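Enquirer: I'd like to ask you about the structure that follows.
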Amino acid sequence: KEQIAEVSSFTTDNLDAVEAFRIKYLGKKGVLNDFFAEFKNVPNEQKKEFGQTINQLKQAATEKVELLKQALEQNASEEKLFGDLTRPGNPTELGARHPISIVKNKIIDIFSRIGFNVSEGPEIEDDWHNFTALNLPEYHPARDMQDTFFVQTNPDILLRTHTSSVQVRYMENNKPPIRTISPGRVYRNEAISARSHCFFHQVEGLYIDKDVSFADLKQTLQYFTTELFGKSKIRLRPSYFPFTEPSAEVDVYWGLETETDYKMTKGTGWLEIMGCGMVDPNVLKNCNIDPEIYSGFAFGMGIDRIALLLHQISDIRLLSENDIRFLEQFKSSL
Ligand code: PHE
Numbered sequence: 006k007e008q009i010a011e012v013s014s015f016t017t018d019n020l021d022a023v024e025a026f027r028i029k030y031l032g033k034k035g036v037l038n039d040f041f042a043e044f045k046n047v048p049n050e051q052k053k054e055f056g057q058t059i060n061q062l063k064q065a066a067t068e069k070v071e072l073l074k075q076a077l078e079q080n081a082s083e084e085k086l087f088g089d090l091t092r093p094g095n096p097t098e099l100g101a102r103h104p105i106s107i108v109k110n111k112i113i114d115i116f117s118r119i120g121f122n123v124s125e126g127p128e129i130e131d132d133w134h135n136f137t138a139l140n141l142p143e144y145h146p147a148r149d150m151q152d153t154f155f156v157q158t159n160p161d162i163l164l165r166t167h168t169s170s171v172q173v174r175y176m177e178n179n180k181p182p183i184r185t186i187s188p189g190r191v192y193r194n195e196a197i198s199a200r201s202h203c204f205f206h207q208v209e210g211l212y213i214d215k216d217v218s219f220a221d222l223k224q225t226l227q228y229f230t231t232e233l234f235g236k237s238k239i240r241l242r243p244s245y246f247p248f249t250e251p252s253a254e255v256d257v258y259w260g261l262e263t264e265t266d267y268k269m270t271k272g273t274g275w276l277e278i279m280g281c282g283m284v285d286p287n288v289l290k291n292c293n294i295d296p297e298i299y300s301g302f303a304f305g306m307g308i309d310r311i312a313l314l315l316h317q318i319s320d321i322r323l324l325s326e327n328d329i330r331f332l333e334q335f336k337s338s339l
């Protein structure tokens, strides 16, 4: 019985040791054969118990040998497949966020702090959401402001030329008060150069409630530019968009100490970063919002431009070339 306990607790990770164990118990001159030889000398009344015990021992030893062999063979084949499983792993290299994502996330973060949510719309749009609902009826001359890529004509399906299409979708599906920003990719049939591309990214902003004024718009933009660029001055220049009235273009001023750093300002210090205005009553009507009760503002800015500015990148094409040497440089940015 002692031997049974010994057999049960035996273990090893060495195939030779298993063989030695087998010989010790099950071999020709092994423990078991000794016990079997002993059997005839055991008094008759103890024969039954003795016989049962050595059979148990035999079974325990046979099973143990099988078990250990199987386990060791499996380890051996795993090791052949995978090598030493205890070796240290290869260090995984961390990637970097794309500068467009970095800037987009910053913008989302800044507006979410003042209660704006994030909304999205499709890149392939219909005429209504990209143009008509935004107060650009067919044959409106302002359609020429945007060189459109058409997917299909009549009915017109196109690659959206601005994220203002998401304003329309959001107003159609949500009741005021509305505070939302809509980041996304837009397309325009423009010659590709260091300064412009046929696709780029915008963030649209929309705020609709009772008694929203132009002062609210200006203060929101001042808050935004200060958060994004640090202490900054902005100016609003009168402009024209069919979907806002009045409309303005927003410039930020790069302070004197940075003016020479930012060659992109071309020496003036003022740089245009977005378009904005009070949502035209016609647009509200088109989206089933009563302009007698509600008013609001909208703005749209290019993310690529801001990314070039913040990271002092000289060519917009770098943003879509996927050159690892370029992308790697953003590892330290979040
Ligand atoms: N959609 C305009 C553009 O792409 C920007 C804009 C958005 C202007 C909202 C005013 C209000 O240039």
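Read in full-length UniProt numbering, the sequence shown has 13 at position 8, and its numbers run on one by one without any break. Think of the CB as a built atom: it goes at the ideal place given N, C-alpha and C, for glycine as much as any other residue. From a predicted model like this one, the values you see are computed outputs, not experimental measurements.
(1) Mapping DSSP to helix, strand and coil, what is Asp328?
(2) Using the C-alpha atoms, what's the distance from Ile308 back to Ile105?
(3) Per the DSSP calculation, Asn122 is bridged to which residue(s)?
(4) Quick one: measure Cβ to Cβ for Ser170 and Glu130, integer angstroms, because I've assumed they're closer than 8 Å.
(5) Do the segment 170-186 and the segment 212-224 make contact, defined as three or more Cβ pairs closer than 8 Å?
(6) Could you say which of Asp295, Tyr258, Arg242 and Lys223 lies nearest to Lys236 if we only look at CA atoms?
(7) Among Ala42, Phe304, Arg242 and Ser201, which residue has its Cα nearest to the Cα of Ser319?
(8) Using the three-state DSSP reduction, which class does Phe205 fall into: helix, strand or coil?
(9) What alpha helix (DSSP H) runs, 4 residues minimum, are completely inside the segment 82-161?
(10) Start and end of the beta strand (DSSP E) containing Ser198?
(11) Quick check on DSSP: helix, strand or coil for Glu297?
(12) Using a Cβ-Cβ cut-off of 6 Å (strictly less than) and excluding sequence neighbours within five positions of Ser252, which residues of its own chain qualify?
(13) Between the segment 148-165 and the segment 85-101, do at least 3 Cβ pairs fall closer than 8 Å?
Expert: According to the data block:
(1) Residue mapping note: residue 328 aligns to position 323 of the sequence shown, counting from 1. Asp328 falls in the coil class under three-state DSSP.
(2) Against the sequence shown, residue 105 aligns to sequence position 100. Against the sequence shown, residue 308 aligns to sequence position 303. About 7 Å.
(3) Residue mapping note: residue 122 aligns to position 117 of the sequence shown, counting from 1. Looking at the DSSP assignment, Asn122 forms a beta bridge with Thr185.
(4) As a working mapping, residue 170 is identified with position 165 in the sequence shown. As a working mapping, residue 130 is identified with position 125 in the sequence shown. With 8 Å as the limit, Ser170 and Glu130 qualify as a contact, their Cβ atoms being about 5 Å apart.
(5) yes
(6) The residue you call residue 236 lines up with position 231 of the sequence shown. Out of Asp295, Tyr258, Arg242 and Lys223, Tyr258 has the C-alpha closest to the C-alpha of Lys236.
(7) Looking up residue 319 in the sequence shown gives position 314. For Ser319, the nearest C-alpha among the options comes from Ser201.
(8) On the sequence shown, residue 205 is found 200 positions in, with the first residue counted as 1. Note: Phe205 maps to strand in three-state DSSP.
(9) 104-117 and 132-135
(10) By 1-based counting over the sequence shown, the position of residue 198 is 193. Ser198 -> no beta strand (DSSP E), and no H or E assigned at all.
(11) For the purposes of this step, residue 297 is identified with residue 292 of the sequence shown, where counting begins at 1. Coil at Glu297, not helix or strand.
(12) Locating residue 252 in the sequence shown gives position 247, where the first residue counts as 1. So the list reads Ser244, Tyr245, Phe246 and Gly282, once near-sequence residues are dropped.
(13) no
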